[in-house]
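Asks: Throughout the sequence shown, residue numbering follows the working numbering, covering 5 to 278 in sequence.
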Amino acid sequence: MHLSPTIFVADLNIFGYTMREFMVDGGTCLVAVTVGVVANVIGYKIMRRAVNDASIPKLADGLVAGLVGLLCFLLGLTLNDARENYIRAIQSATEEALQCRLMYQDFSVLAKLNNGEQSAKAQSLAVEYVQNVIDHEWPQLGESTPRLNEKAGILLTQMRLALNPTGGTFLSTRTWTGLGTVEHLRESRLRFAMEQSPNGFWIIIAILLALSCALMGSVAPTKMRLVLIATFCLGIGVVCVLIDEYEKPYGGWIAIDAQSIFLPSEMSAAIPPA
Numbered sequence: 005m006h007l008s009p010t011i012f013v014a015d016l017n018i019f020g021y022t023m024r025e026f027m028v029d030g031g032t033c034l035v036a037v038t039v040g041v042v043a044n045v046i047g048y049k050i051m052r053r054a055v056n057d058a059s060i061p062k063l064a065d066g067l068v069a070g071l072v073g074l075l076c077f078l079l080g081l082t083l084n085d086a087r088e089n090y091i092r093a094i095q096s097a098t099e100e101a102l103q104c105r106l107m108y109q110d111f112s113v114l115a116k117l118n119n120g121e122q123s124a125k126a127q128s129l130a131v132e133y134v135q136n137v138i139d140h141e142w143p144q145l146g147e148s149t150p151r152l153n154e155k156a157g158i159l160l161t162q163m164r165l166a167l168n169p170t171g172g173t174f175l176s177t178r179t180w181t182g183l184g185t186v187e188h189l190r191e192s193r194l195r196f197a198m199e200q201s202p203n204g205f206w207i208i209i210a211i212l213l214a215l216s217c218a219l220m221g222s223v224a225p226t227k228m229r230l231v232l233i234a235t236f237c238l239g240i241g242v243v244c245v246l247i248d249e250y251e252k253p254y255g256g257w258i259a260i261d262a263q264s265i266f267l268p269s270e271m272s273a274a275i276p277p278a
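1. Counting C-beta neighbours from all protein chains within 10 Å, is the total for D110 16 or more, i.e. buried, or is it exposed?
2. Comparing C-alpha positions only, which one of G40, L165, S192 and G80 sits nearest to Q127?
3. According to DSSP, simplified to helix, strand and coil, what is I60?
4. A130 to R195, Cα distance in whole Å?
5. Nearest-angstrom Cα distance between L215 and R24?
6. Does the separation of the CB atoms of A93 and I260 fall below 8 angstroms?
7. Could you tell me the boundaries of the alpha helix (DSSP H) in which I138 lies?
8. Can you tell me where the alpha helix (DSSP H) holding G40 begins and where it ends?
9. Considering A218, what are the terminal residues of the alpha helix (DSSP H) in which it resides?
10. Restricting to Cα atoms, I'd like to know which of Y250, A69 and R105 is closest to Y133.
11. Keeping to the same chain, check which residues put their C-beta closer than 7 angstroms to that of L213; ignore five residues upstream and five downstream.
12. If you run the structure through DSSP and keep just helix, strand and coil, what is G182?
13. Considering only C-alpha positions, which residue in the set K125, G256, A54 and A69 is nearest to M107?
14. Near P9, what residues of its chain come up, given a Cβ to Cβ distance below 7 angstroms and the 5 sequence neighbours on each side ignored?
15. For A224, count neighbouring C-beta atoms within 10 Å of its own C-beta (all shown protein chains included) and say buried if the count is 16 or more, exposed if not.
16. Can you list, in chain order, the residues of its chain with a C-beta nearer than 6 angstroms to that of P61? Leave out the 5 residues immediately preceding and following it.
17. I'd like to check one pair, V137 with F266: are the Cβ atoms closer than 8 angstroms?
18. Any idea what DSSP makes of L78, helix, strand or coil?
19. Any heavy atom of the ligand PLP closer than 7 angstroms to the Cβ of T98?
20. Cβ of Y250 within 8 angstroms of Cβ of R87?
21. Which residues bound the alpha helix (DSSP H) around K252?
22. Measuring only the C-alpha atoms, how far is I209 from A197?
23. Can you tell me where the alpha helix (DSSP H) with K116 in it begins and where it stops?
24. Keeping to the same chain, check which residues put their C-beta closer than 6 angstroms to that of V162; ignore five residues upstream and five downstream.
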């Protein structure tokens, strides 16, 4: 089943867009524009020395086309990979939320059977786990150094201990398996949060951008040419910002909304108001 990533986005989390994030994103675009404009001016000063060689401008135009094509290809490929990672993060979180809801329902049924006390405890632990994921683990995954919340892991262990005495029924077996699935999907969340492009990749992008703009210096950098080059570089900077946002599925202004995924009505009613 195809899931639209906009279903679980926290309504373009503008209010969660901190000044630090604004400065980082704005700085990325500013650096891209500065690199392009400065490289173009330097390129013109170097290439005007070969003004008598008519083959230089033609060669430069061919190289510009190749470098710009390579730059766009690399950014397009990276943007696609980042978006795929973002969608997989949504699908993983949706599957984890489904397992939590099934466990909550199974614990409710088991609580009415022959192991009421243990299963009722496990049911309350399932609610506490979901609340912990929303309030604590999700924000920690959105930090610059993503990490899982220790208490969430402890709650899963406590659910196993509470469930273990209920063995022997289909529901208890399914719930035990579901706990293992939740533990696996929880680790997957950390992996999705850590899948980011290395710094070396961005250095290569900056070099390709600088070389492309420098080779455009075969013609004198008039104000209009510099404006057009700055616009091109700004577009490259915006794409870089978008890649960075997709690589942060649990933070930023297109973050996945944990509450809309993990809180169905039956579990929401079980969580006491803050």
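Glycine residues also receive a C-beta, built at the ideal position from the N, C-alpha and C atoms.
Just so we're clear, the structure is a prediction, and the values are computed from it rather than from any experiment.
Replies: Considering the structure as presented:
1. Here the question's residue 110 lines up with position 106 in the sequence shown. Under this definition D110 is a buried residue.
2. Taking the sequence shown and counting its residues from 1, one reaches residue 127 at position 123. The shortest Cα separation from Q127 among G40, L165, S192 and G80 belongs to L165.
3. Here the question's residue 60 lines up with position 56 in the sequence shown. Shown here, I60 sits in a helix according to DSSP, grouped into three states.
4. Here residue 130 is taken as the residue at index 126 of the sequence shown, counted from 1. Here residue 195 is taken as the residue at index 191 of the sequence shown, counted from 1. Whole-angstrom Cα-Cα distance: 23 angstroms.
5. Mapped onto the sequence shown, residue 215 falls at position 211. Mapped onto the sequence shown, residue 24 falls at position 20. Answer to the nearest angstrom: the Cα atoms are 30 angstroms apart.
6. Residue numbering aside, residue 93 sits at position 89 when the sequence shown is read from its first letter. Residue numbering aside, residue 260 sits at position 256 when the sequence shown is read from its first letter. Taking 8 angstroms as the Cβ cut-off, A93 and I260 qualify as a contacting pair.
7. Taking the first residue of the sequence shown as position 1, residue 138 is located at position 134. Unbroken run through I138: none, as it is neither H nor E.
8. Locating residue 40 in the sequence shown gives position 36, counting from the first residue. Run containing G40: M23 to M51, per the alpha helix (DSSP H) assignment.
9. Here residue 218 corresponds to residue number 214 of the sequence shown, with the count starting at 1. For A218, the enclosing alpha helix (DSSP H) starts and ends at N203 to L219.
10. In the sequence shown, the residue the question calls residue 133 occupies position 129. It is R105.
11. The residue you call residue 213 lines up with position 209 of the sequence shown. Within the same chain, Cβ atoms closer than 7 angstroms to the Cβ of L213 are found at A36, V39, G40, L75, C237 and I240, the five residues on either side in sequence being excluded.
12. For the purposes of this step, residue 182 is taken as the residue at position 178 of the sequence shown. In this structure, DSSP gives G182 a helical state, which the three-state scheme calls helix.
13. As a first step, residue 107 is located in the sequence shown; it is residue number 103 there, counting from the start. A check of alpha carbon separations from M107 across K125, G256, A54 and A69 identifies K125 as the nearest.
14. The count along the sequence shown starts at 1 and reaches residue 9 at position 5. Caution applies to P9, whose pLDDT of 46 falls short of 50 and renders its modelled position unreliable; the value that the coordinates give is listed next. Around P9: Y90, I91 and I94.
15. As a first step, residue 224 is located in the sequence shown; it is residue number 220 there, counting from the start. With fewer than 16 Cβ atoms within 10 Å of its Cβ, A224 is classed as exposed.
16. Within the sequence shown, residue 61 is the residue found at index 57, counting from 1. Result list for P61: S222, in chain order.
17. The count along the sequence shown starts at 1 and reaches residue 266 at position 262. The count along the sequence shown starts at 1 and reaches residue 137 at position 133. Yes. Within cutoff.
18. Taking the sequence shown and counting its residues from 1, the one referred to as residue 78 is at position 74. L78 falls in the helix class under three-state DSSP.
19. Only the bare structure without any ligand can be found here, which leaves the ligand PLP out of the picture.
20. Position 246 of the sequence shown, counted from the first residue, corresponds to residue 250. Position 83 of the sequence shown, counted from the first residue, corresponds to residue 87. In this structure, R87 lies closer than 8 angstroms to Y250 by Cβ.
21. Along the sequence shown, read from residue 1 onward, the residue named residue 252 stands at position 248. Bounds of any alpha helix (DSSP H) do not take in K252, whose DSSP letter is neither H nor E.
22. Taking the first residue of the sequence shown as position 1, residue 209 is located at position 205. Taking the first residue of the sequence shown as position 1, residue 197 is located at position 193. So the two alpha carbons sit approximately 22 angstroms from each other.
23. Numbered from 1 along the sequence shown, position 112 holds the residue referred to as residue 116. Taken as a continuous stretch (DSSP letters only), K116 belongs to no alpha helix (DSSP H), as it is neither H nor E.
24. Stepping through the sequence shown from its first residue, residue 162 is reached at position 158. The sequence given here has Gln at residue 162, not Val. L129.
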